[in-house]
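Protein chains in written order, with the working numbering: chain P, 1 to 306; chain S, 307 to 745.
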Amino acid sequence: MDKSALSLKVDSQKFLHRNEFVGHVFAAPFVFGFICFSLIPILTSLYYSLTNYSMMTKGQPDFIGIKNYLNLFQDEIFVKSIGVTLKYVFISVPLKLAFALFVAYLLTRKSRLVTLYRSLYYIPSLVGGSVAVTLVWKQLFARKGLFNALMVNLGLDAINWFGDKNLALYPLVLMSVWQFGSSMIIFAAGLKEIPESYYEAARIDGGNGLQIFLRITLPCLSPIILYNLIMQTISAFMAFTQAYIITGGGPDNGTMMYALYVYLHAIKYGNMGYACAMSWFMLVIMSIITLIIFKTSKAWVFTEAD
Amino acid sequence: MKKKLLAVGLSALMMMSMAACDTGNGKQSSGDEEQITLRMAWWGSQTRHDRTVQVIEMYEKEHPNVKIEYEFFSFDDYFTKLKTLVASDNVWDVFQLGGNFPEYMDKIEFLNSYIDSGIVDHSKISDAYLKITQDTEGNQIGLSNGLNTYGIAYDVDMFKAAGVPTPTENWTWDDFANAARKIKAATGHYGSSGFTSSEFIAGCSTYVAQQGAVGEYGFFNLELTGMGFKDPQMLTPYIQMRADLIKEGASPDAGAEMEITNIENDFLVTGEAGMTWVAVNQFPTIYDVCAQEGRTLALATVPRYKADGPAGTVIMSSQMLCVSKDSKHKEEAAKFISWFQNSVDCNNVLQGERGIPINSDVLAALQQNATEGQKLMYNYVDLVGSFPTPEKINVLSPAGQDQVVDQYRNFVQQVATGSITAKEAAQKTYDAAQAIFSK
């Protein structure tokens, strides 16, 4: 073995023995994935949003500047889809969080079955995004589905859930609320963190259940609420499966979620450039709303320091 | 020790990936009898899936060196998948296309040279039938799976129960709407079922072609470079009728329409509607399903604008199989397509489910043992074939039509809920269609 080969071996051994090496190796798949499947596509989409790119045509797309962004505001369906999505977010997120907190609160009592119940309530979150459950949901609310069968048996009129543009969104909202499990688990963990002594002190002072909840539980839980609020808001903005499978965006675009409209333009209509512009606009809306939540949080989130 | 293991592992991984590259290169350079894999996909109903899988297995048995990997989808999902494959230059070797092929032109390997060299056998296929899957420049896009046309399938007993005379070959849209209303009133079921994806072509666009003299108007012009009619209000009565039927419950609303995912759970088949749209190749299947439940279906022509006006419907290619430009085994793919259309054994399994075969031997063989539903289909196609047709027709769809169809359906829903008038809807549909040419 000559000298250079030897030094190479020594070098590589040095490298292998450095402490960070294993860390780098373990981080590599993530870094690789992030760069290839997140960062590069994100940047590419920014470029495409300035072109008339379509997946159907080969060759270089034409650069058309901000025309896609200007066209957005002349697009009736786009404007409508923003309205629909905001409505969906503003109704589904508070309902979901309230329900998650309620169930989490119920499950704080000391009982052996609590773990079982928690698992049971968590199941919808595990399966909720799947197509199969969405199809079940579609059947439940169908014209002759379970809910309408119950209504008819109770002597009420059947409701045409997905045929009425004003109603069609609510089954979708309900489906989102039903998947409250992951927020519930986080709330449950948060509730456990609240020191028992606070409650004891309150009870000694004669506080009733509601007072204790409002004055102790909620403030102590507020950082967790903030976290859940932001996470759920972001995920609600990206809702797609329900609208795509159950209603297809109809009737009269009453359930045309933003993500669905992006999908339609990108894949079905062959306007990838326009769809990219929509996505970037969505990013701006989501950032603004998240920012507002953060800014207002100073007023209602209590930290230990306060 | 641990680190050594890691290094060994990493290098092993690298060697494996290098080996994988090797086999990839080797495949292209070796000889004829070498094992090849063709990828194929189609859309359709469960019947089609079952039969096609069966003939693929037949082909693999006859050609041990060919393995066919297949995928099947519903109509919408098929095109979603196809579009992503187009973008990644990885389209299936053999794939199914309909009149919407212009959008995929970049990916289609023309079959002319394969026909000339005899790889694709056309001895039993007339030139006229080869032509139905050629573009205007004579490029052979694919081989047609069969002839097809649109019609209305109806439930004979429901018509009787409602006291509606059975449709004649030149019934009008007014007759159609009346029948739908009477069925609704008498049975409580929908008069006419959901007009899903084919309604735009078979209904709205046919309605335009039915006005004026034969061939005077079309929804798009023959060159697919603009509109084929000037007055948007020509659409108004049709849109008004569609919206009225929805409003009166004689036709499903948007929510109910979403419950129909393919022809096999159409409301006509489930017994909840008196009529539905079909591409006639779908008819034998639903005929059999309904016959098992003791119901009788029949085929009627697409209603006309005027009883003595043009029919507006034409015989066309239902779908075709194409070879993709991305294919590494174009010859083998062309061979398979040739077998698929020309083999009597193969078509005895397929039973003309994709359309009436274009190979005369195959057609004769099928007609010999035709079922009741198939006989109705053959007679119907003969009937439509006897109607006067324009000299030049173009049954293709311009790129961008999907968006027009979605917008159009939405406008109809808006008319049904009263948020716009039929006149406005007609104008908006026209504008939306025109917009695809000014992109």
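Every residue, glycine too, gets a C-beta built ideally from N, C-alpha and C.
Between residue i and residue j, what straight-line distance do the alpha-carbon atoms span, to the nearest angstrom?
i        : j        : result
S:Asp328 : S:Lys634 : For S:Asp328, the pLDDT reaches just 42, beneath the cut-off of 50, and the residue's location in the model is therefore unreliable, although a value from the coordinates is still provided. Roughly 16 Å separates the two Cα atoms.
S:Phe573 : S:Met564 : 11 Å
P:Leu154 : P:Lys144 : 14 Å
S:Val584 : S:Ala549 : 20 Å
S:Gly341 : S:Leu605 : Checking the displayed sequence, the identity of residue 341 of chain S turns out to be Gln instead of Gly. Taking the straight line from one Cα to the other gives about 46 Å.
P:Tyr117 : P:Ser222 : 24 Å
P:Phe302 : P:Ile224 : 10 Å
S:Leu530 : P:Val284 : 39 Å
P:Gly209 : P:Lys96  : 22 Å
P:Leu191 : P:Leu146 : 36 Å
P:Phe237 : P:Ala189 : 26 Å
S:Glu505 : S:Val520 : 21 Å
S:Pro558 : S:Ile552 : 6 Å
S:Ser703 : P:Ser297 : 54 Å
S:Met320 : P:Phe26  : Model confidence at S:Met320 stands at a pLDDT of 47, short of 50, so the residue's coordinates are unreliable and nothing is read from them.
S:Ile489 : P:Lys58  : 51 Å
S:Ala492 : P:Gly129 : 42 Å
S:Leu669 : S:Phe525 : 33 Å
P:Tyr269 : S:Gln709 : 6 Å
S:Ala467 : S:Gly600 : 15 Å
S:Ile447 : S:Trp645 : 17 Å
P:Phe281 : S:Gln713 : 23 Å
The alpha helix (DSSP H) with residue i in it runs from where to where?
i        : result
P:Val173 : Leu169 to Trp178
S:Trp477 : Per DSSP, S:Trp477 belongs to no alpha helix (DSSP H) and is neither H nor E.
P:Ile293 : Met272 to Trp300
P:Pro94  : Glu76 to Leu106
P:Tyr121 : Val114 to Val127
S:Thr695 : That residue, S:Thr695, is in no alpha helix (DSSP H); it is neither H nor E in DSSP.
S:Gln647 : Lys636 to Asn648
P:Ala142 : Looking at the DSSP string, P:Ala142 is not in any alpha helix (DSSP H), and its letter there is neither H nor E.
P:Phe187 : Gly181 to Glu193
Kindly indicate which three-state DSSP category residue i falls into: helix, strand or coil?
i        : result
P:Met257 : coil
S:Leu453 : strand
S:Ile726 : coil
S:Ile431 : strand
P:Ile159 : coil
S:Ile458 : strand
S:Gln709 : helix
S:Ile425 : coil
P:Met314 : Since the displayed chain P opens at 1 and closes at 306, residue 314 of chain P lies outside it and no answer follows.
S:Glu522 : coil
S:Asn665 : strand
S:Glu415 : strand
S:Ala674 : It should be pointed out that residue 674 of chain S corresponds to Gln in this sequence rather than to Ala. Helix, per DSSP.
S:Gln733 : helix
S:Gln516 : coil
S:Gln440 : strand
S:Gln719 : helix
S:Gln539 : helix
S:Met446 : According to the sequence displayed, residue 446 of chain S carries Gln and not Met. Three-state result, S:Gln446: strand.
S:Phe743 : coil
Could you give the first and the last residue of the continuous beta strand (DSSP E) run that contains residue i?
i        : result
P:Met151 : No beta strand (DSSP E) holds P:Met151; the alpha helix (DSSP H) holding it covers Leu146 to Asn153.
S:Tyr496 : Tyr496 to Ser498
Should residue i be listed as close to the ligand PLP, given that the test is whether its C-beta is under 7 Å from any heavy atom?
i        : result
P:Gly249 : The model depicted lacks the ligand PLP and carries no ligand whatsoever.
_List, from N- to C-terminal side, the alpha helix (DSSP H) runs of 4 residues or more that fit wholly inside the segment 330-407 of chain S._
352-368 and 381-393
*Within the segment 6-70 of chain P, note down every full beta strand (DSSP E) run reaching 3 residues or more, in order along the chain.*
none
_Uninterrupted beta strand (DSSP E) stretches inside the segment 560-631 of chain S (no shorter than 3 residues)_ = 579-585, 603-606 and 626-630
*Residues in the segment 719-730 of chain S with C-beta within 8 Å of chain P's C-beta atoms, listed in sequence order?*
Gln719, Gln720, Thr723 and Ser725
*asked:* Which residues of the segment 402-432 of chain S have a Cβ closer than 7 Å to any Cβ of chain P? Give them in chain order.
replied: Glu409 and Asp412
_Near-chain S residues of the segment 134-145 of chain P - C-beta to any C-beta below 7 Å_ = Ala142 and Arg143
*With 7 Å as the C-beta to C-beta threshold (strictly closer), list the residues of the segment 552-564 of chain S near chain P in chain order.*
Asp559, Ala560, Gly561, Ala562 and Met564
*Can you give me, in chain order, the residues of the segment 621-652 of chain S that have a beta carbon less than 8 Å from any beta carbon in chain P?*
none
*According to a CB-to-CB cut-off of less than 7 Å, which residues of the segment 86-104 of chain P neighbour chain S?*
none
*Along the segment 703-716 of chain S, what residues have a CB closer than 9 Å to any CB found in chain P?*
Ala705, Gly706, Asp708, Gln709, Asp712, Gln713, Arg715 and Asn716
*Check distances from the C-beta atoms of the segment 36-68 of chain P to those of chain S and list, in chain order, the residues that come in under 7 Å.*
Met55, Met56 and Lys58
_Interface residues of the segment 152-170 of chain P facing chain S [CB-CB below 8 Å]_ = Asn160, Trp161, Phe162, Gly163, Asp164, Lys165 and Ala168
*Which residues, in chain order, does the segment 514-548 of chain S contribute to contact with chain P at a C-beta distance below 7 Å?*
none
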